[in-house]
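One structure is given here, and the rest of the page talks about it.
2 protein chains.
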Amino acid sequence: MTEPSARPTRAQQRLRTEERILVAARQLFAELGYERTTIRAVASTADVDAGLVMHYFGSKDLLFARAVEVPADEVPAGTAGEVAEALLTSLGRRLTGEPVASLAVLRSMLTNADAADRYRAAGEPQLNQITEAIATPDADLRASLLSAIIHGVLAERYLLRLTHLADASPEQIIDLLRPCFQSLTTPAPAATKPQGA
Amino acid sequence: MTEPSARPTRAQQRLRTEERILVAARQLFAELGYERTTIRAVASTADVDAGLVMHYFGSKDLLFARAVEVPADEVPAGTAGEVAEALLTSLGRRLTGEPVASLAVLRSMLTNADAADRYRAAGEPQLNQITEAIATPDADLRASLLSAIIHGVLAERYLLRLTHLADASPEQIIDLLRPCFQSLTTPAPAATKPQGA
DNA sequence: GACGTCATTCTACGGTCGTTGACCGGCGAA
DNA sequence: TTCGCCGGTCAACGACCGTAGAATGACGTC
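The listed protein sequences derive, respectively, from chains A and B. Under our numbering, the first residue of the first sequence carries the number 1, and numbering increases by one thereafter. Under our numbering, the first residue of the second sequence carries the number 198, and numbering increases by one thereafter.
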């Protein structure tokens, strides 16, 4: 019957400290990217010694790996139109409050191979599901374009903070993007004359 | 009448060396980003001493500034539809062979404040022109979304090299993107019921 | 032919980083 | 009470970085 608010056990204390370090790491990786984030700065933010970070996580790479673990957003399968709407809903959620761990990956993926791999790995299952929903030869490309659009918007809103994108409401953005997503998930439509290949 | 192929004068030699350094710097900045590119590596790639790079360019920041100077792509004004097509043409050109200097900025903008500013500055005049062409209250946001899409695609194609995007032909990509650009540049259309606000 | 200029190299300094290993002190089991 | 485990700190090492400044040697000018 250990009281929850009493002095924590040693194991609890360790977990608590680990979590503090992870929170600090996530924040700094998201703000500065992998390279410019130093273990010393993470330790200082978490109010511990740098050696302790090493002791618990082994290396900067492993710390990054632990810090950016995040459950992938499920995109349920369905018709093309349903997939488009599901993607928009998912995007709306991410535009409301993108998890800082994802931002850390997004910020670091252009300069850190590990972050790039994570980015790929995180997007792959969703890409496959989108690809299945759009049953055309160029489905892969369409899915990749959707991914590029989503991440381009997130990067400019949260990382670059381009004012028009950072200030806009999620609804406004997804409303403007809806026709894009619909055209990209709709196999055969026609804007102008398509060419066979 | 100095023969072009004869031994170069001292001034010519200097310019030639500077250019070699700039080429090496552009390549490394584009490949590794600002942080991971070292002056020593640039010097080594250009077959000179690191001190010479400092002597000519003053600092790593100034070297970066000189290396990524690139003339902005003009986007002529016109009707919304014309702007959309002009943007697609511009994108097609960049999908055929994006200049390495732009890639250096793109790669570094998430981790380097200077690169981020350059990115903003390079996009601003085009954003303004697009905004003018789309005369709606949300024109800023539409222009920003177009920018986000373009750069998202370029980043995934050239920097992350996501296979489907890296292998696709420019024509294929811009054909798929055309409806997107048209819907974003067309003020009032309707995909689903819009809501007043 | 002498001399100053300048492209270029060499050496080194100060700082920071990731990482290591010794060390300390309190908690919990025996 | 004793003692070992373990959360946590401290000091230091080796590598690498940006940068500075002296040294060198060839070129162009007088």
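Yeah, the Cβ is synthetic: ideal placement off N, Cα and C, and Gly gets one too.
**Item:** Distance between B/Gln379 and B/Ile327 (C-alpha atoms, nearest Å)
**Value:** 12 Å
**Request:** Return the residue from the list B/Ile236, B/Val272, B/Val245 that minimises the CA-CA distance to B/Gly255.
**Result:** B/Ile236
**Simplified DSSP state of A/Ile39, which is helix, strand or coil** = helix
**Asked** Residues in its own chain within less than 7 Å of A/Asp140 by CB, not counting five upstream and five downstream?
**Response** Thr131
**Asked** Quick check: the segment 279-289 of chain B against the segment 365-382 of chain B, are there 3 or more CB pairs under 8 Å?
**Response** yes
**Request:** Output yes if chain A places a C-beta closer than 8 Å to the C-beta of B/Pro376; else output no.
**Result:** yes
**Message:** I'd like to know if A/Ser144 contacts chain B, where contact means its C-beta is closer than 8 Å to some C-beta of that chain.
**Reply:** yes
**Asked** Roughly how many angstroms separate the alpha carbons of A/Gly92 and B/Tyr253, rounded to a whole number?
**Response** 49 Å
**Request:** Return the CA-CA distance between B/Glu271 and B/Gln323, expressed in angstroms with no decimal places.
**Result:** 7 Å
**Prompt:** Would you say B/Glu216 faces chain A, with C-beta separation under 8 Å as the test?
**Reply:** no
**Prompt:** CB A/Ala41 to CB A/Ile21, shorter than 8 Å?
**Reply:** no
**Request:** Find the residues of chain B that neighbour A/Met54, judging by a C-beta separation of less than 8 Å, and give them in chain order.
**Result:** Per Cβ cutoff of 8 Å: no residues; A/Met54 is ~22 Å from chain B at best.
**Prompt:** For A/Glu19, which three-state DSSP category applies?
**Reply:** helix
**Request:** Would you list, in chain order, the members of the segment 30-54 of chain A that have their beta-carbon closer than 9 Å to a beta-carbon of chain B?
**Result:** Leu32, Gly33, Tyr34, Glu35, Arg36
**Message:** Applying the 10 Å Cβ sphere with the 16-neighbour rule, what's the burial state of A/Leu113?
**Reply:** With the sequence shown as reference, residue 113 of chain A is identified as Ala, and Leu is not the correct amino acid for it. A/Ala113 is exposed by the Cβ-count criterion.
**Asked** Under 9 Å Cβ-Cβ, which residues of chain B neighbour A/Ile174?
**Response** Here the premise fails: no neighbours, minimum Cβ distance about 11 Å.
**Message:** Rounded to the nearest angstrom, what separates B/Ala240 and B/Gln209 at their Cα positions?
**Reply:** 19 Å
**Prompt:** Mind checking whether A/Ala203 and A/Ala101 have CB atoms under 8 Å apart?
**Reply:** No statement about residue 203 of chain A is possible, as the shown extent of chain A runs from 1 to 197 and does not include it.
**Backbone secondary structure at B/Thr382 - three-state DSSP** = helix
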